[in-house]
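> Residue numbering for the first sequence follows this note's numbering, beginning at 8 and increasing consecutively.
Before I ask anything, let me first share the structure, which is written out below as structure tokens.
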Amino acid sequence: MKLKALNGFKDILPGEAELWRQVEDRARDIFARFNFAEIRLPILEKTELFARSIGETTDIVEKEMYTFVDKQITMRPEATASLLRAYIEHGLYVQKPVQRLFTIGPMFRHERPQQGRLRQFHQMDVEILGSANPRVDAELMAMGTMLLSELGLCVSLEVNSLGCPACRPAFRENLLSFLESRQDALCDDCKRRSITNPLRVLDCKKPNCRSIVEDAPSILEHLCPECAAHFSEVQDGLRQLGIDYSLNKFMVRGLDYYCRTTFEFTTTDLGSQSAVCAGGRYDGLVEQLGGPKIPGIGCAMGMERLVLLLLQKEQKIEGPAEMDLFIAGLGDAASRIAFSLMQSLRKEGVRVAMDLDNRGLKSQMKQADKAGARYVLMIGDDELAKNTGMLRNMATQEQQGIPLGDIRILIETTTTGRHV
RNA sequence: GUGGGCGUGGCCUAGUUGGUUAGGGCACCUGGUUGUGGCCCAGGAGGUCGUGGGUUCAAGUCCCAUCGCCCACCCCA
């Protein structure tokens with residue numbers, strides 16, 4: 008086997024694609040309930056867009072982007088930057104004070120693949136631009152909760168606030184001096200992190216670092232009055248909407264643009280990739296990208312992680328799409344009639360198939376069965392002589408002759424009682 | 001980038017201390033029913049044992065190299 012997909016790039020085969028469609032349909036339904044509009048975005052953008060929004064020194068920008076170096080363009084590693092670019096470029100903020108937008112599609116990061124992590128992966132991305140109101144934060148988390156729950160998934164919601172440019176520097180200093188005092192006890196990774204990204208030390212998974220960090224200064228105790236008020240109203244909103252959540256003062260975001268509210272829906276069933284949906288507020292980002300001073304908040308859901316969870320739940324991948332009718336033509340003459348009858352029925356909206364390779368009846372019945380046909384129309388010499396067909400109900404095994412001259416009865420019988 | 005694990009027909013896999021034509025299951029095709037699906041039975045097609053080299057009378061099995069995939073670190077949806 009010479010030609011194969013690239014490492015970290017996956018084909019989604021028909022059976023699984025059906026499950027993907029179910030997830031996406033459910034999401035679109037909920038996005039509509041929450042008054043979101045779809046926006047479709049390009050996959051390639053100028054490299055600069057991601058560097059400026061995600062952060063020059065983040066892992067994503069430093070070493071994970073698929074970039075055409077000579078052209079200075081990059082395959083998007085996430086959707087928020089592209090979405091804000093489009094939002095600013097087309098002046099969407101003048102059409103409505105608050106824009107609620109979603110987009111679904113592939114993202115690309117050159118990481119080492121593992122369970123729940125691919126180089127091309129798919130996200131459903133949701134953004135609310137134009138409101139700094141804490142109720143918006145609560146509403147967004149409520150939507151995430153609703154979607155995951157309607158998908159039948161068991162996840163937990165963790166919430167934190169990262170403060171804002173007014174309060175974070177002071178906290179950062181505080182944390183830095185704390186980490187310096189414990190430097191010797193930290194793992195090697197955390198020693199490095201305390202310099203490159205001190206906040207990251209807070210969510211190190213090593214037990215030893217965890218216990219050290221227990222005593223670390225908490226961002227929640229360093230919030231400025233505005234951020235503290237905002238965060239308390241977010242929680243108030245969550246309570247009003249009946250959303251279960253827990254505070255996680257150690258939760259940190261990987262992208263630089265987040266401020267104030269951040270949240271993560273996590274599961275214990277995905278190996279080490281526990282986040283199925285994560286996001287937060289990014290007031291100031293629109294401005295940073297050259298737009299007006301407009302606040303925003305958003306989150307992204309990882310499609311393959313959702314699908315993995317659904318597969319684990321042994322949710323049956325449904326069989327082939329249901330088919331209304333399979334036409335079994337025996338012999339050349341019958342086959343010719345079947346071929347054009349199939350076209351007429353398809354024009355009328357009937358889901359029809361037939362065997363085009365002149366196989367025996369038994370083989371054709373098998374094909375019909377496998378394809379999920381609810382009816383089979385058999386046309387052989389006997390039927391041909393009378394210009395009729397033998398219509399068999401595959402479930403009840405009843406069959407009756409019906410005239411071929413008038414296809415209305417065929418349409419009606421075979422399309423009533425559809426399940427899909 | 002760093003660890004660990006695994007590569008046998010399309011898929012899942014058996015293969016004893018190296019020893020005849022590499023075995024089974026799923027799926028596929030044909031027949032049992034010369035015009036009737038699912039279940040059953042019989043038969044059939046399908047394999048450079050990831051690749052290259054080495055040891056040996058003999059390699060799927062042992063050694064070396066290489067490629068690929070998976071899991072974990074890291075990072076993140």
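All C-beta atoms, glycine included, are put in the ideal place defined by N, C-alpha and C.
Small disclaimer: the values here were computed from a predicted structure and weren't measured.
Could you give the distance in angstroms between the alpha-carbon of Asp251 and the alpha-carbon of Gly244?
Approximately 11 Å between the Cα atoms of the pair.
> Does DSSP put Gln404 in a helix, a strand or coil?
The answer is coil: DSSP assigns Gln404 none of H, G, I, E or B.
> To the nearest angstrom, how far is it from the Cα of Glu96 to the Cα of Asp413?
The alpha-carbon atoms of Glu96 and Asp413 are separated by roughly 57 Å.
> Compute the distance between the beta-carbons of Pro302 and Glu240, then report whether it is under 9 Å.
In this structure, Glu240 does not lie closer than 9 Å to Pro302 by Cβ.
> Tell me, to the nearest whole angstrom, how far the beta carbon of Arg312 is from that of Gly123; I am working on the premise that it is less than 8 Å.
Yes, Arg312 and Gly123 are in contact; Cβ-Cβ is about 5 Å, under 8 Å.
> Nearest by alpha-carbon distance to Phe238: which of Ala139, Lys212, Gln374, Asp276 is it?
Of Ala139, Lys212, Gln374, Asp276, the residue nearest in Cα terms is Ala139.
> What does the alpha-carbon distance come out to for the pair Ala86 and Pro172?
Roughly 24 Å separates the two Cα atoms.
> Hey, out of Leu91, Phe115, Met114, Arg119, whose CA is closest to Leu108's CA?
It is Leu91 whose Cα lies nearest to the Cα of Leu108.
> Alpha carbon to alpha carbon, how far is Pro49 from Phe333? Give it in angstroms, no decimals.
Whole-angstrom Cα-Cα distance: 41 Å.
> With contact counted as at least three CB pairs below 8 Å, one residue from each stretch, are the stretch 12-32 and the stretch 117-131 in contact?
The stretch 12-32, when compared against the stretch 117-131, does touch it at the 8 Å Cβ threshold.
> For Asn167, which residues does DSSP report across the bridge?
Paired residues: Thr269.
> Does the beta-carbon distance from Leu368 to Ala345 come in below 9 Å?
No, they are not a contact pair.
> Which residues bound the beta strand (DSSP E) around Thr110?
Counting along the chain, the beta strand (DSSP E) containing Thr110 begins and ends at 106-115.
> Which of the three DSSP states is assigned to Glu419 in this structure?
Helix.
> Would you say the stretch 57-67 touches the stretch 34-41, given that touching needs at least three Cβ pairs under 8 Å?
No, because fewer than three Cβ pairs between the stretch 57-67 and the stretch 34-41 fall closer than 8 Å, the two stretches do not touch.
> Please classify Cys234 as buried or exposed, where buried requires at least 16 neighbouring CB atoms within 10 angstroms.
Buried, by the Cβ-count rule.
> Could you tell me whether the stretch 279-287 touches the stretch 186-199, using the rule of 3 or more Cβ pairs below 8 Å?
Counting Cβ pairs under 8 Å, fewer than three are found: no touch.
> Can you check DSSP and say which residues form a bridge with Val383?
The partner list for Val383 (beta bridge, DSSP) reads Phe333, Arg399.
> Quick check on the burial criterion: 16 or more other C-beta atoms within 10 angstroms. Buried or exposed for Ser351?
That one is exposed.
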